[in-house]
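Colleague:
Number of protein chains: 2
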Amino acid sequence: MTAGEVFARRGFRDSTVREISTLAGANLAAVNYHFGDKKGLYHAVIACGHEAAGPMPADEAAGISDPREALRVYCRAFLRRILDHRKPEWHSKLMAREMAEPTEALDEMVKMMIRPHWERLGAIVGAILGPSASPRLVRLATQSITSQMVFYAHARPVLDRLFPAEEWSPASIERRGEDVAAFSLAALDSLRRVGGKA
Amino acid sequence: MTAGEVFARRGFRDSTVREISTLAGANLAAVNYHFGDKKGLYHAVIACGHEAAGPMPADEAAGISDPREALRVYCRAFLRRILDHRKPEWHSKLMAREMAEPTEALDEMVKMMIRPHWERLGAIVGAILGPSASPRLVRLATQSITSQMVFYAHARPVLDRLFPAEEWSPASIERRGEDVAAFSLAALDSLRRVGGKA
DNA sequence: GATCGAATCAAACGGATGTTTCAAACGATT
DNA sequence: AATCGTTTGAAACATCCGTTTGATTCGATC
Numbered sequence: 069m070t071a072g073e074v075f076a077r078r079g080f081r082d083s084t085v086r087e088i089s090t091l092a093g094a095n096l097a098a099v100n101y102h103f104g105d106k107k108g109l110y111h112a113v114i115a116c117g118h119e120a121a122g123p124m125p126a127d128e129a130a131g132i133s134d135p136r137e138a139l140r141v142y143c144r145a146f147l148r149r150i151l152d153h154r155k156p157e158w159h160s161k162l163m164a165r166e167m168a169e170p171t172e173a174l175d176e177m178v179k180m181m182i183r184p185h186w187e188r189l190g191a192i193v194g195a196i197l198g199p200s201a202s203p204r205l206v207r208l209a210t211q212s213i214t215s216q217m218v219f220y221a222h223a224r225p226v227l228d229r230l231f232p233a234e235e236w237s238p239a240s241i242e243r244r245g246e247d248v249a250a251f252s253l254a255a256l257d258s259l260r261r262v263g264g265k266a
Numbered sequence: 069m070t071a072g073e074v075f076a077r078r079g080f081r082d083s084t085v086r087e088i089s090t091l092a093g094a095n096l097a098a099v100n101y102h103f104g105d106k107k108g109l110y111h112a113v114i115a116c117g118h119e120a121a122g123p124m125p126a127d128e129a130a131g132i133s134d135p136r137e138a139l140r141v142y143c144r145a146f147l148r149r150i151l152d153h154r155k156p157e158w159h160s161k162l163m164a165r166e167m168a169e170p171t172e173a174l175d176e177m178v179k180m181m182i183r184p185h186w187e188r189l190g191a192i193v194g195a196i197l198g199p200s201a202s203p204r205l206v207r208l209a210t211q212s213i214t215s216q217m218v219f220y221a222h223a224r225p226v227l228d229r230l231f232p233a234e235e236w237s238p239a240s241i242e243r244r245g246e247d248v249a250a251f252s253l254a255a256l257d258s259l260r261r262v263g264g265k266a
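For the record, the sequence lines run as chains A and B.
Counting from 69, one number per residue, gives the positions in the first sequence under our numbering.
Counting from 69, one number per residue, gives the positions in the second sequence under our numbering.
Quick look at the structure:
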């Protein structure tokens, strides 16, 4: 769908049905015929993007028993799904936009993607921190790790301005996943040693 | 400025000059008279919000020599500036919006706020990690810490849906700052021990 | 090849938005 | 009190958008 790129670039309101249809080589009225209205097209784009964005990180880290290794695999898969420009990169942009400016579509996204992610990553973090860790600490650590990854989707324009020379090849994306995992594992190690003080 | 609230809630394009002017009790044409056009009003709002958002975290953590304590103070001040609803909370929303959908205003924001933040926090992180840490490690750690805090501004709608019962009082905001600092200090401690391996 | 539903197309409609216009009110200065 | 630059006010303007309409083409089925 070329509509996804336009929605991701311009936002829902700024995207015009005219631009989308001409860019897609279709007629203006085709949108309303096939999707009812503009909002219907938007929902279809989000659903399509969710499937086209590749496997969920939770699936890629499914069979790994060692939680520390699982975290590394999970972080790499997450960033791959978000950043790899061989996949429809507009999907993560659309998600970032939904978070800053929620519509009804956000509830669907939370149910389909975000909550599953949170539970899977929370389980990994809980396994690393050990049974003595409080649920609150697990939740906070899960959030800290998530934020480091989502940051790449939310603040990419800022990063491009701060560090214009940065590389975004598939290889360096993998390394970023390793870096997030390393930072987080370092934190979890210390926190585990100190115990569930929070 | 009531215009800031509207811009933060609806976004630039979705905000209508009519709604802003009626909500502000002013006439429709007043906007174009005082600010030239809608975009001029937007820039004025951003500049005004920057000043009204209170002191920069870098200033609040200026006189502290112990870098670990400086990090704690800095994190608390940062989240206070972002989350405290007694201050114009629309400023952080506007920033989040600019990052997802950059306009010319983002360059100004990077120069005025983001890069100073990055340099100050980077200095604190560098002091904690010690002179043996590579610049790359310092940069990554600074980014990880920043992301944990910015997450609250970017993903707040998601957090509200994931954990509806969460509290956002000034006191709990302070504690969130402590939590971010604790997680980050734990990571920095481990990384310092391992050395600049990255 | 005739038929009928689905899909496409150009054109137009109704509404909303940013901007302009021009007259009226204001306020300091003389 | 008269004057003149500044600010407000209501109304209109020009444009663009999402949607609808009705005619036309397409494609499978009999």
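Heads up, the beta-carbon is just placed ideally off N, CA and C, and yes, glycines get one too.
Keep in mind the model is a prediction, meaning the values are calculated, not measured.
Buried or exposed: which applies to A233 (chain B), given that a residue is buried once 16 or more other Cβ atoms fall within 10 Å of its Cβ?
Modeller: As a working note, residue 233 (chain B) is residue 165 in the second sequence. It is exposed - the Cβ of A233 (chain B) has fewer than 16 other Cβ atoms within 10 Å.
Colleague: Does any residue of chain B have a CB that is nearer than 9 angstroms to the CB of E169 (chain A)?
Modeller: Counted from its first residue, the first sequence places residue 169 (chain A) at position 101. Chain B contact via Cβ: present.
Colleague: Check whether the Cβ atoms of L253 (chain A) and S258 (chain B) sit closer than 9 angstroms, and answer yes or no.
Modeller: Translated into positions along the first sequence, residue 253 (chain A) becomes position 185. Translated into positions along the second sequence, residue 258 (chain B) becomes position 190. Yes, they are a contact pair.
Colleague: One question on the structure: do E176 (chain A) and H111 (chain A) come within less than 9 angstroms of each other, judged by their Cβ atoms?
Modeller: Numbered from its first residue, the first sequence carries residue 176 (chain A) at position 108. Numbered from its first residue, the first sequence carries residue 111 (chain A) at position 43. Going by C-beta atoms, E176 (chain A) is nearer than 9 angstroms to H111 (chain A).
Colleague: Against chain A, with Cβ distances strictly below 9 angstroms, would F75 (chain B) count as a contact?
Modeller: If you number the second sequence from 1, residue 75 (chain B) lands on position 7. Not one chain A Cβ lies under 9 angstroms of F75 (chain B).
Colleague: Terminal residues of the continuous alpha helix (DSSP H) containing V178 (chain A)?
Modeller: Within the first sequence, residue 178 (chain A) is the residue found at index 110, counting from 1. From DSSP, V178 (chain A) is part of no alpha helix (DSSP H); its letter is neither H nor E.
Colleague: Show which residues of chain B have a CB atom less than 7 angstroms away from the CB atom of W186 (chain A).
Modeller: Position 118 of the first sequence, counted from the first residue, corresponds to residue 186 (chain A). Chain B residues near W186 (chain A): L230.
Colleague: Could you check whether A145 (chain B) and P184 (chain B) sit closer than 9 angstroms to each other, using their CB atoms as the reference points?
Modeller: The sequence position of residue 184 (chain B) within the second sequence is 116, counting from 1. The sequence position of residue 145 (chain B) within the second sequence is 77, counting from 1. Going by C-beta atoms, P184 (chain B) is not nearer than 9 angstroms to A145 (chain B).
Colleague: Taking only beta-carbon positions, decide if A223 (chain B) is within less than 9 angstroms of chain A.
Modeller: The residue labelled residue 223 (chain B) in the question sits at position 155 within the second sequence. It does: the Cβ of A223 (chain B) has a partner Cβ on chain A nearer than 9 angstroms.
Colleague: Hey, could you find the ends of the alpha helix (DSSP H) T210 (chain B) is sitting in?
Modeller: As a position in the second sequence, residue 210 (chain B) is number 142, starting the count at 1. Counting along the chain, the alpha helix (DSSP H) containing T210 (chain B) begins and ends at P203 to H222.
Colleague: Confirm, please, whether the CB-CB distance from I150 (chain A) to L189 (chain A) is below 9 angstroms.
Modeller: The residue you call residue 189 (chain A) lines up with position 121 of the first sequence. The residue you call residue 150 (chain A) lines up with position 82 of the first sequence. Result no, Cβ atoms of L189 (chain A) and I150 (chain A) do not sit closer than 9 angstroms.
Colleague: Is the Cβ-Cβ distance between A168 (chain B) and R78 (chain A) less than 9 angstroms?
Modeller: Working through the second sequence from its first residue, we reach residue 168 (chain B) at position 100. Working through the first sequence from its first residue, we reach residue 78 (chain A) at position 10. No, the pair does not count as a contact, with Cβ atoms beyond the cut-off.
Colleague: If contact means a Cβ-Cβ distance below 7 angstroms, which residues of the region 139-173 of chain B contact chain A?
Modeller: A164, R165, M167, A168, E169 and P170
Colleague: Buried or exposed, going by whether 16 or more other CB atoms sit within 10 Å of the CB of T210 (chain B)?
Modeller: Taking the first residue of the second sequence as 1, we reach residue 210 (chain B) at position 142. Burial call: buried.
Colleague: If the criterion is Cβ atoms closer than 9 angstroms, does the pair R229 (chain B) and L162 (chain A) meet it?
Modeller: Taking the first residue of the second sequence as position 1, residue 229 (chain B) is located at position 161. Taking the first residue of the first sequence as position 1, residue 162 (chain A) is located at position 94. No, the Cβ-Cβ distance between R229 (chain B) and L162 (chain A) is not below 9 angstroms.
Colleague: Let me know the secondary structure DSSP gives P238 (chain A) once reduced to three states.
Modeller: For this step, residue 238 (chain A) is matched to residue 170 along the first sequence. Reduced to three states, the DSSP call for P238 (chain A) is helix.
Colleague: Below 6 angstroms CB to CB, which residues in the same chain sit around E73 (chain A) once its five sequence neighbours on both sides are set aside?
Modeller: Within the first sequence, numbered from 1, the residue matching residue 73 (chain A) stands at position 5. Around E73 (chain A): W158.
Colleague: Thinking C-beta only, is R136 (chain B) closer than 9 angstroms to E246 (chain B)?
Modeller: As a first step, residue 246 (chain B) is located in the second sequence; it is residue number 178 there, counting from the start. As a first step, residue 136 (chain B) is located in the second sequence; it is residue number 68 there, counting from the start. Contact flag unset, no.
Colleague: Taking F231 (chain A) as part of the alpha helix (DSSP H), name the residues at either end of that continuous run.
Modeller: Taking the first residue of the first sequence as 1, we reach residue 231 (chain A) at position 163. Where F231 (chain A) is concerned, there is no enclosing alpha helix (DSSP H), given that its DSSP letter is neither H nor E.
Colleague: Determine whether the beta carbon atoms of V206 (chain A) and V193 (chain A) lie at a separation below 9 angstroms.
Modeller: Within the first sequence, numbered from 1, the residue matching residue 206 (chain A) stands at position 138. Within the first sequence, numbered from 1, the residue matching residue 193 (chain A) stands at position 125. A contact, by the Cβ cut-off of 9 angstroms.
Colleague: In or out: G117 (chain B) buried (at least 16 other Cβ within 10 Å) or exposed?
Modeller: Counting from 1 along the second sequence, the entry for residue 117 (chain B) is found at position 49. By the neighbour-count rule (16 or more Cβ atoms within 10 Å), G117 (chain B) is buried.
Colleague: Just the C-alpha distance for T90 (chain A) and P156 (chain A), rounded to the nearest angstrom, thanks.
Modeller: Numbered from 1 along the first sequence, position 22 holds the residue referred to as residue 90 (chain A). Numbered from 1 along the first sequence, position 88 holds the residue referred to as residue 156 (chain A). T90 (chain A) and P156 (chain A): Cα-Cα distance of roughly 20 angstroms.
Colleague: Pull up the CB-CB distance for R81 (chain A) and D82 (chain B), whole angstroms please, since I reckon it's below 8 angstroms.
Modeller: Counted from its first residue, the first sequence places residue 81 (chain A) at position 13. Counted from its first residue, the second sequence places residue 82 (chain B) at position 14. Correct: roughly 5 angstroms between the Cβ atoms.
Colleague: DSSP state of M124 (chain A), grouped into three classes?
Modeller: The residue given as residue 124 (chain A) occupies position 56 in the first sequence. Three-state result, M124 (chain A): coil.
Colleague: I'd like to know whether the C-beta of D257 (chain B) is nearer than 9 angstroms to at least one C-beta of chain A.
Modeller: In the second sequence, counting from the first residue as 1, residue 257 (chain B) sits at position 189. Chain A, which has a Cβ nearer than 9 angstroms to the Cβ of D257 (chain B), makes this yes.
Colleague: Let me check understanding here. Comparing Cα to Cα, which of B:R86, B:E128, B:D134 and B:G93 lies closest to A195 (chain B)?
Modeller: Residue 195 (chain B) sits at position 127 when you count from the first residue of the second sequence. Per the Cα distances, B:D134.
Colleague: Interface residues of chain A around A209 (chain B) at Cβ under 9 angstroms?
Modeller: In the second sequence, the residue the question calls residue 209 (chain B) occupies position 141. Result: F251.
Colleague: Mind listing the chain B neighbours of D127 (chain A)? Cutoff is C-beta to C-beta under 7 angstroms, in chain order.
Modeller: As a first step, residue 127 (chain A) is located in the first sequence; it is residue number 59 there, counting from the start. Within 7 angstroms Cβ-Cβ: nothing; D127 (chain A) doesn't reach chain B, min ~21 angstroms.
Colleague: How about F75 (chain B) and V113 (chain B): are their beta carbons less than 9 angstroms apart?
Modeller: Position 7 of the second sequence holds residue 75 (chain B). Position 45 of the second sequence holds residue 113 (chain B). Result yes, Cβ atoms of F75 (chain B) and V113 (chain B) sit closer than 9 angstroms.
Colleague: Check the Cβ-Cβ distances between T84 (chain B) and every residue of chain A, and say whether any is below 9 angstroms.
Modeller: Working through the second sequence from its first residue, we reach residue 84 (chain B) at position 16. The beta carbon of T84 (chain B) sits no closer than 9 angstroms to any beta carbon of chain A.
Colleague: Spell out whether any CB of chain B is found under 9 angstroms from the CB atom of S212 (chain A).
Modeller: As a first step, residue 212 (chain A) must be located in the first sequence, where it is residue number 144. Yes, S212 (chain A) counts as interfacial toward chain B.
Colleague: Excluding the five sequence neighbours on either side, which residues of its own chain have a C-beta within less than 6 angstroms of the C-beta of M69 (chain A), listed in chain order?
Modeller: Taking the first sequence and counting its residues from 1, the one referred to as residue 69 (chain A) is at position 1. Result list for M69 (chain A): V113 and C116, in chain order.
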